[in-house]
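Single-structure report; data block below.
Protein chains: 2
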Amino acid sequence: MKGTRPGSRPIGVFDSGMGGLTVFRELISRLPGEDIIYLGDTARVPYGTRTPETVIRYSFQNSSFLVKKGIKALVVACNTASAVAIDDLKSRLSVPVIGVIEPGARAAARMSAGGKVGIIGTEATINSGSYQRTMREIMPDADIVSKPCPLFVPLVEEGWTSGKITLSVIREYLNTMKRRKVDTLVLGCTHYPLLKEAISEYMGDDTVLIDSAVEVAKEVRKQLRASGLLREGKKKGKYAFFVTDSVDKFRVIGGMFLGRPISNIEHVDIA
Amino acid sequence: MKGTRPGSRPIGVFDSGMGGLTVFRELISRLPGEDIIYLGDTARVPYGTRTPETVIRYSFQNSSFLVKKGIKALVVACNTASAVAIDDLKSRLSVPVIGVIEPGARAAARMSAGGKVGIIGTEATINSGSYQRTMREIMPDADIVSKPCPLFVPLVEEGWTSGKITLSVIREYLNTMKRRKVDTLVLGCTHYPLLKEAISEYMGDDTVLIDSAVEVAKEVRKQLRASGLLREGKKKGKYAFFVTDSVDKFRVIGGMFLGRPISNIEHVDIA
Chain P
5 MKGTRPGSRP
15 IGVFDSGMGG
25 LTVFRELISR
35 LPGEDIIYLG
45 DTARVPYGTR
55 TPETVIRYSF
65 QNSSFLVKKG
75 IKALVVACNT
85 ASAVAIDDLK
95 SRLSVPVIGV
105 IEPGARAAAR
115 MSAGGKVGII
125 GTEATINSGS
135 YQRTMREIMP
145 DADIVSKPCP
155 LFVPLVEEGW
165 TSGKITLSVI
175 REYLNTMKRR
185 KVDTLVLGCT
195 HYPLLKEAIS
205 EYMGDDTVLI
215 DSAVEVAKEV
225 RKQLRASGLL
235 REGKKKGKYA
245 FFVTDSVDKF
255 RVIGGMFLGR
265 PISNIEHVDI
275 A
Chain H
5 MKGTRPGSRP
15 IGVFDSGMGG
25 LTVFRELISR
35 LPGEDIIYLG
45 DTARVPYGTR
55 TPETVIRYSF
65 QNSSFLVKKG
75 IKALVVACNT
85 ASAVAIDDLK
95 SRLSVPVIGV
105 IEPGARAAAR
115 MSAGGKVGII
125 GTEATINSGS
135 YQRTMREIMP
145 DADIVSKPCP
155 LFVPLVEEGW
165 TSGKITLSVI
175 REYLNTMKRR
185 KVDTLVLGCT
195 HYPLLKEAIS
205 EYMGDDTVLI
215 DSAVEVAKEV
225 RKQLRASGLL
235 REGKKKGKYA
245 FFVTDSVDKF
255 RVIGGMFLGR
265 PISNIEHVDI
275 A
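So the protein lines, in turn, are chains P and H.
The opening residue of the first sequence carries number 5 in our numbering; numbering runs sequentially from there.
The opening residue of the second sequence carries number 5 in our numbering; numbering runs sequentially from there.
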């Protein structure tokens, strides 16, 4: 998939696992002409409970793999990796690096009517303070409530995206947000959009939910266009997937995330 | 901690993370004179959702680390690693290898009045069929019901070991077991003993819960004694802990699992 002109090279996307396919889905919908290489580090998922040092190390290993494939831009689809590793990646890689935090925070600032913004994510994402810091830079007077929701990922992976248990867990995590009447809630983890309906049911219609995946795809498009690297035209892009654990599991569960069958998946060892 | 006589060498224990400390706790209570080296692969936890190939690879890496430390016996505290890697480990390592499956299954056979045995564990443990196979060898006419309970580990790690949500999840996973009136239930994951009270509340007094940790410690004692390697006497054993992710997190959360403070923890890279 290495092209000769810079614009014809593929976009690289990495995630700790399959959740990043929600970002991949938006990328192919908004940039249909681009070739994309997706790397899911399924053997070392989840990143959200690990220390920053470990997440940074894994992020560099993933990035090197993709850079060696000749990518023209790197999308860090994983919120945790974006939260703790994005500055290091930006300063040390020679390709443009786009994470999910900034686009998500900018969308929240744009959508928030009263400046009361909630942010939810994994422990590592929330504890890094990265979303909170970015929000405050964009919207200094924002009233920010943040909360790690570690059970949301296993709930989604169990397929329990609705029902009594899921609603109880949502109530347990989000009752402070609801009491403080946040008007905008950033879903700061790639798995959370699959709980959108249930979260919306609990929070009510007055709370806007921000799905970072959509915002990231818009940002990638903007940056590629600005640097003359956007690939347009009628030719549809080609996709390749690499995973560090089971190809079969990725095909089945990944298909759920993507909402369509996945092919061209290869196993790769990254360490 | 390398001793000169074989019996004075330490016992090695590995687990995918901190759950194995429930096994460690029983070991120090039943073998107080033994030195023990514990390795928690916290950077790659959990094993329960990974493929057998990956779990086997990780298990060998962990074992080599401990064998190089001069251990006299290896305890595989992780149910998932025991379920998929124990035969390979036994045939390729030169020290005795004790997993958690056989002792747990034997205890279930001993305790079961009517031969109706339930087995719960991670996806990888249950899908491997290892507990089921071992149960059937020991108790050919057993009526076995098995069920993966992937949300139990995150519930324990969130500290939600009781309460409405936990009881709802238990009901969701165990209603078939209850309906089929299992008389003995094997807690086939090191985290599950922390849910013992809640599970017992749901299942009722007629179901005996088997905590493999206790059984493993008895088995280790038996094997060491039989081979003349048991270290007795008044001198208390020394303990060393190695983790592949954060030392601080292990100190705090590990202390919860162990029920007492942990010191002498070192970070190590295993790959």
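Heads up, the beta-carbon is just placed ideally off N, CA and C, and yes, glycines get one too.
Neighbour flag for residue i against chain P, beta carbons, 8 Å
{"i": "lysine 168 of chain H", "result": "yes"}
{"i": "aspartate 249 of chain H", "result": "yes"}
{"i": "serine 172 of chain H", "result": "yes"}
{"i": "alanine 47 of chain H", "result": "yes"}
{"i": "threonine 165 of chain H", "result": "no"}
{"i": "leucine 198 of chain H", "result": "no"}
{"i": "alanine 128 of chain H", "result": "no"}
{"i": "leucine 155 of chain H", "result": "yes"}
{"i": "threonine 180 of chain H", "result": "no"}
{"i": "threonine 58 of chain H", "result": "yes"}
{"i": "proline 144 of chain H", "result": "no"}
{"i": "proline 265 of chain H", "result": "no"}
{"i": "proline 14 of chain H", "result": "no"}
{"i": "proline 158 of chain H", "result": "yes"}
Residue i burial status per 10 Å Cβ neighbour count (16 or more: buried)
{"i": "arginine 175 of chain P", "result": "exposed"}
{"i": "alanine 221 of chain H", "result": "buried"}
{"i": "alanine 275 of chain H", "result": "exposed"}
{"i": "glycine 232 of chain H", "result": "exposed"}
{"i": "serine 67 of chain H", "result": "buried"}
{"i": "aspartate 210 of chain P", "result": "exposed"}
{"i": "arginine 264 of chain P", "result": "exposed"}
{"i": "arginine 9 of chain P", "result": "exposed"}
{"i": "alanine 230 of chain H", "result": "exposed"}
{"i": "serine 150 of chain H", "result": "buried"}
{"i": "asparagine 235 of chain P", "result": "The amino acid at residue 235 of chain P is misidentified as asparagine; the sequence shows arginine. Buried, by the Cβ-count rule."}
{"i": "serine 134 of chain H", "result": "buried"}
{"i": "glycine 23 of chain H", "result": "buried"}
is_contact[residue i, chain H] using C-beta, thresh 8 Å
{"i": "glutamate 162 of chain P", "result": "yes"}
{"i": "lysine 6 of chain P", "result": "Low per-residue confidence applies at lysine 6 of chain P: pLDDT is 49, beneath 50, and the placement is therefore not dependable, though the value from the model is reported in the following sentence. False, the Cβ-Cβ gap to chain H never drops below 8 Å."}
{"i": "glutamate 176 of chain P", "result": "yes"}
{"i": "alanine 112 of chain P", "result": "no"}
{"i": "arginine 54 of chain P", "result": "yes"}
{"i": "leucine 25 of chain P", "result": "no"}
{"i": "alanine 275 of chain P", "result": "yes"}
{"i": "proline 36 of chain P", "result": "no"}
Where residue i falls: helix, strand or coil (DSSP)
{"i": "valine 272 of chain P", "result": "coil"}
{"i": "lysine 200 of chain H", "result": "helix"}
{"i": "valine 79 of chain H", "result": "strand"}
{"i": "isoleucine 174 of chain H", "result": "helix"}
{"i": "valine 99 of chain H", "result": "coil"}
{"i": "alanine 244 of chain P", "result": "strand"}
{"i": "serine 150 of chain P", "result": "strand"}
{"i": "tyrosine 51 of chain P", "result": "coil"}
{"i": "threonine 188 of chain P", "result": "strand"}
{"i": "lysine 6 of chain H", "result": "With a pLDDT of only 49 at lysine 6 of chain H, under the threshold of 50, the placement of this residue in the model should not be trusted; the figure read from the coordinates follows. Coil at lysine 6 of chain H, not helix or strand."}
{"i": "isoleucine 266 of chain H", "result": "coil"}
{"i": "valine 104 of chain H", "result": "coil"}
{"i": "glycine 258 of chain H", "result": "helix"}
{"i": "aspartate 92 of chain P", "result": "helix"}
{"i": "glycine 11 of chain H", "result": "helix"}
{"i": "aspartate 252 of chain H", "result": "helix"}
{"i": "lysine 73 of chain P", "result": "coil"}
Cα-Cα separation, residue i to residue j
{"i": "aspartate 273 of chain H", "j": "cysteine 82 of chain H", "result": "19 Å"}
{"i": "leucine 171 of chain P", "j": "arginine 183 of chain P", "result": "16 Å"}
{"i": "methionine 181 of chain P", "j": "serine 86 of chain H", "result": "43 Å"}
{"i": "tyrosine 62 of chain H", "j": "alanine 128 of chain H", "result": "14 Å"}
{"i": "isoleucine 142 of chain P", "j": "isoleucine 75 of chain P", "result": "30 Å"}
{"i": "arginine 96 of chain P", "j": "valine 104 of chain H", "result": "45 Å"}
{"i": "threonine 126 of chain P", "j": "glycine 11 of chain H", "result": "45 Å"}
{"i": "valine 251 of chain P", "j": "lysine 240 of chain H", "result": "48 Å"}
{"i": "glycine 258 of chain P", "j": "isoleucine 269 of chain P", "result": "11 Å"}
{"i": "tyrosine 177 of chain P", "j": "glutamine 136 of chain P", "result": "18 Å"}
{"i": "aspartate 39 of chain H", "j": "proline 14 of chain H", "result": "5 Å"}
{"i": "threonine 55 of chain P", "j": "threonine 84 of chain P", "result": "10 Å"}
{"i": "leucine 78 of chain H", "j": "tyrosine 206 of chain H", "result": "35 Å"}
{"i": "leucine 262 of chain H", "j": "arginine 34 of chain P", "result": "51 Å"}
{"i": "phenylalanine 18 of chain H", "j": "phenylalanine 245 of chain H", "result": "10 Å"}
(request) Taking a Cβ distance cut-off of 8 Å, strictly less, list which residues of the region 202-222 of chain P are near chain H, in chain order. (result) none
(message) What are the residues in the region 75-107 of chain P lying within 9 Å of chain H by C-beta distance?
(response) none
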